[in-house]
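Below is one structure; the comments refer to it alone.
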Amino acid sequence: MSMYSNIKGLKIISAAALFWVSACTTPPQDTIADTPRDIYAEKLTEVFNVGYARILSRYIDPVNARDLAVSGLNGLVAIDSSIAVNLSMPKKITISRRDAELASFDRPLDEDLAGWVSVTVDTVKELRKADSAFASASTEQVFQAAFDGAMSRLDTYSRYFGADDANRRRSERSGFGGIGIGFRSEGDVIKVLTVHPESPASKVGLQPGDSIIAVDGLPVAGWGQDRVIETVRGKIGTEIEMLVRNGYGIERVVSVRREKIVSPTVIYKRMDSVAYIQLTGFRVDTANRLEDAISSAKRDIGSGLRGIILDLRNNPGGFLDQSVRVSDLFLSHGRIVSAKGRHPSSLQSFEAHEGDLADGLPMVVIVDGRSASAAEIVASALQDAGRAVVIGATSYGKGTVQNVIDLPNEAEIALTWARFHAPSGYALQHLGVMPTVCTSAVDHDARQVLRDSNARRKEIARQMIDWRLIDVSDEAGRQGLRNLCPSRRLNRSFELDVAMSLLDDRVAYLRALDASVTAVAGY
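In the numbering used here, the protein residues as written are 104 to 626.
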């Protein structure tokens, strides 16, 4: 799951200017010559200054400029594996290739960011002169190698994304101009797998199973996924023409106008008198679509609606604000989540507002080992408030916030800068959410699972108190708690059976809810 806060970079230098500039005239003797501009070095300096400065000031744990820059220099081996960085001399840093020294620089102070950026830029310049691999490497390859190296010393969620990947991520976060299909390339055609409801593709009658033969007059034979995406996506309002063959072999040409596409994340299904709602992620409109789903359930089932199942299995997370809004739909008061980091701007707390869209109806939340980040925020908020019974297996334990930093080269950095804390105070990172009713050890007889859970409810309450008290630095203790309900699943449909059984048995539901509330009170 991610929290996004765009930080503007400096003015972008034109890609056409990434060449060496040299003076070709001799100034008059009585004037002072302007120093020739080194545009390539300026570009490197600008991007490294912005990127490294943001990492130093915002990363969740302290890191110094020396360690960051040296890791970045070591990352240059991705371009030439024979390159080595040596800090063995007290005041020098040397760059060698195959044990032959290429350059030597005075070592800056550990916290001298400008000094270490200068060493980085000078190193790259020297390597371009002496090494054919670097001479032919693009500027983006240099940035990718250096930032990959620099960020390798951070956590696994902190990453550098080049301009192409960054633009794709921006589109996925905020929506993009497209036609609303899921597809895969199959030999000479593009096979349509899914068609989003009310999308441009659905409006012209595209169906799952259709084959796209050509796009804008170009046969798609041999196209890879990336080329298909680049061609189908485009500016909102523009049109794309496709030759399509249906399952009966009938071909037709369709013209589709691109619209803003946001992948659907909410799936509603009526199950007798219960509203089953699956959330597959948290995108820009997830909370709104969930409101629509609840409204649909109320219309479909009416006054007979007796409960809601919120399925968060396999949900990798997404926008923080959407997880807060989703939680707030069902909570009338209290804390939803807090974020704590080293940078002052990372310290945030989110509270619920008056009003419960579900009018207090019983709720069951299902989680598994792939429920992460924003999904864990929702599960922990509803569990700690005593608003829902959480069942399933221990969730993933991804409880950190990534700040998105825009760089001057149109790339971006996703940087971990805070940890999520549940309303009762525990950190979700490397711990996750403990289900009140664990289903990971069995795959049959839902009623027996509820009977066993009821018999153990005092023990479960004590375990949940331990869960909330465990220190964030106690890795062994946190793993031991996770092992109480391992992140595995033997039968996917069984968890749904348990959820339905729980809503069928009011006494079992209230007892399971009581175990969660007792644990919070005990904390």
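Quick reminder that beta carbons are idealized off the backbone N, C-alpha and C, glycines included.
Given the structure is predicted, the values throughout are model-derived calculations rather than measurements.
With 16 other CB atoms within 10 Å as the buried threshold, where does residue i fall?
{"i": "residue 524", "result": "buried"}
{"i": "residue 179", "result": "buried"}
{"i": "residue 611", "result": "buried"}
{"i": "residue 497", "result": "buried"}
{"i": "residue 125", "result": "The pLDDT assigned to residue 125 is 29, lower than 50, so where the model puts this residue is not dependable; a value taken from the coordinates is nonetheless given after this. Exposed is the call here."}
{"i": "residue 475", "result": "buried"}
{"i": "residue 338", "result": "exposed"}
{"i": "residue 356", "result": "exposed"}
{"i": "residue 426", "result": "buried"}
{"i": "residue 532", "result": "buried"}
{"i": "residue 505", "result": "buried"}
{"i": "residue 241", "result": "exposed"}
{"i": "residue 479", "result": "buried"}
From which residue to which residue does the beta strand (DSSP E) around residue i run?
{"i": "residue 349", "result": "From DSSP, residue 349 is part of no beta strand (DSSP E); its letter is neither H nor E."}
{"i": "residue 451", "result": "451-454"}
{"i": "residue 505", "result": "503-509"}
{"i": "residue 597", "result": "Taken as a continuous stretch (DSSP letters only), residue 597 belongs to no beta strand (DSSP E), being part of the alpha helix (DSSP H) at 595-607."}
{"i": "residue 341", "result": "No beta strand (DSSP E) holds residue 341; DSSP gives it neither H nor E."}
{"i": "residue 413", "result": "410-414"}
{"i": "residue 279", "result": "279-281"}
{"i": "residue 363", "result": "362-364"}
{"i": "residue 182", "result": "Counting along the chain, residue 182 falls outside any beta strand (DSSP E), and DSSP gives it neither H nor E."}
{"i": "residue 466", "result": "466-470"}
{"i": "residue 443", "result": "438-443"}
{"i": "residue 314", "result": "314-318"}
Thinking C-alpha only, which one of the options is nearest residue i?
{"i": "residue 181", "options": "301, 237, 331, 468", "result": "237"}
{"i": "residue 161", "options": "470, 298, 508, 618", "result": "508"}
{"i": "residue 234", "options": "251, 257, 205", "result": "205"}
{"i": "residue 335", "options": "356, 228, 280, 322", "result": "280"}
{"i": "residue 449", "options": "368, 144, 386, 520", "result": "520"}
{"i": "residue 535", "options": "365, 183, 499, 510", "result": "499"}
{"i": "residue 415", "options": "472, 582, 221", "result": "472"}
{"i": "residue 188", "options": "247, 252, 151, 232", "result": "252"}
{"i": "residue 435", "options": "580, 364, 454", "result": "454"}
{"i": "residue 470", "options": "596, 222, 269", "result": "596"}
{"i": "residue 598", "options": "553, 557, 571", "result": "553"}
{"i": "residue 231", "options": "466, 531, 183, 220", "result": "183"}
{"i": "residue 605", "options": "576, 267, 557", "result": "557"}
{"i": "residue 322", "options": "543, 344, 299", "result": "344"}
{"i": "residue 229", "options": "207, 458, 533", "result": "207"}
{"i": "residue 306", "options": "358, 490, 286, 412", "result": "358"}
{"i": "residue 284", "options": "185, 209, 364, 224", "result": "364"}
{"i": "residue 320", "options": "341, 164, 347", "result": "347"}
{"i": "residue 613", "options": "324, 560, 215", "result": "560"}
{"i": "residue 385", "options": "351, 477, 600, 327", "result": "477"}
In this structure, how does DSSP classify residue i when only helix, strand and coil are distinguished?
{"i": "residue 216", "result": "helix"}
{"i": "residue 260", "result": "coil"}
{"i": "residue 536", "result": "coil"}
{"i": "residue 379", "result": "strand"}
{"i": "residue 397", "result": "helix"}
{"i": "residue 519", "result": "strand"}
{"i": "residue 301", "result": "coil"}
{"i": "residue 169", "result": "helix"}
{"i": "residue 125", "result": "Only weak support is given to the placement of residue 125: the predicted model assigns it a pLDDT of 29, under 50, and the value that follows is read from those uncertain coordinates. If DSSP states are grouped into helix, strand and coil, residue 125 belongs with coil."}
{"i": "residue 370", "result": "strand"}
{"i": "residue 542", "result": "coil"}
{"i": "residue 163", "result": "coil"}
{"i": "residue 252", "result": "helix"}
{"i": "residue 491", "result": "coil"}
{"i": "residue 306", "result": "helix"}
{"i": "residue 210", "result": "coil"}
{"i": "residue 293", "result": "strand"}
{"i": "residue 204", "result": "strand"}
{"i": "residue 575", "result": "coil"}
{"i": "residue 580", "result": "helix"}
{"i": "residue 418", "result": "coil"}
{"i": "residue 231", "result": "helix"}
{"i": "residue 135", "result": "Only weak support exists for where residue 135 lies, its pLDDT of 37 falling under 50; the coordinates are left without a value."}
{"i": "residue 359", "result": "strand"}
{"i": "residue 197", "result": "strand"}
Along the chain, where does the alpha helix (DSSP H) containing residue i start, and where does it finish?
{"i": "residue 628", "result": "Absent from the structure is residue 628, since the part of the chain shown begins at 104 and ends at 626."}
{"i": "residue 235", "result": "235-239"}
{"i": "residue 562", "result": "560-572"}
Next on the checklist: Can you confirm whether the stretch 396-410 touches the stretch 470-488 when touching is taken to mean that 3 or more C-beta pairs between the two stretches lie within less than 8 Å?
Outcome noted: The stretch 470-488 vs the stretch 396-410: no contact.
Next on the checklist: Taking 8 Å as the cut-off, does the stretch 557-570 touch the stretch 527-544 (at least 3 CB pairs, one atom from each stretch)?
Outcome noted: yes
Next on the checklist: When you compare the stretch 325-335 with the stretch 303-314, are there three or more beta-carbon pairs, one atom per stretch, that lie closer than 8 Å?
Outcome noted: Below 8 Å, too few C-beta pairs join the stretch 325-335 and the stretch 303-314 to call them touching: fewer than three.
Checklist entry - Counting pairs of Cβ atoms below 8 Å between the stretch 154-174 and the stretch 254-262, do you hit three or more? => result At 8 Å Cβ cutoff, the stretches touch.
Checklist entry - Can we say the stretch 383-402 touches the stretch 352-372, given the rule of at least three CB pairs closer than 8 Å? => result yes
Next on the checklist: Taking contact to mean 3 or more Cβ pairs, one atom from each stretch, closer than 8 Å, check whether the stretch 458-469 and the stretch 581-593 are in contact.
Outcome noted: no
Item to check | Inter-stretch contact at 8 Å, needing at least 3 Cβ pairs: the stretch 284-299 / the stretch 210-217 | outcome: no
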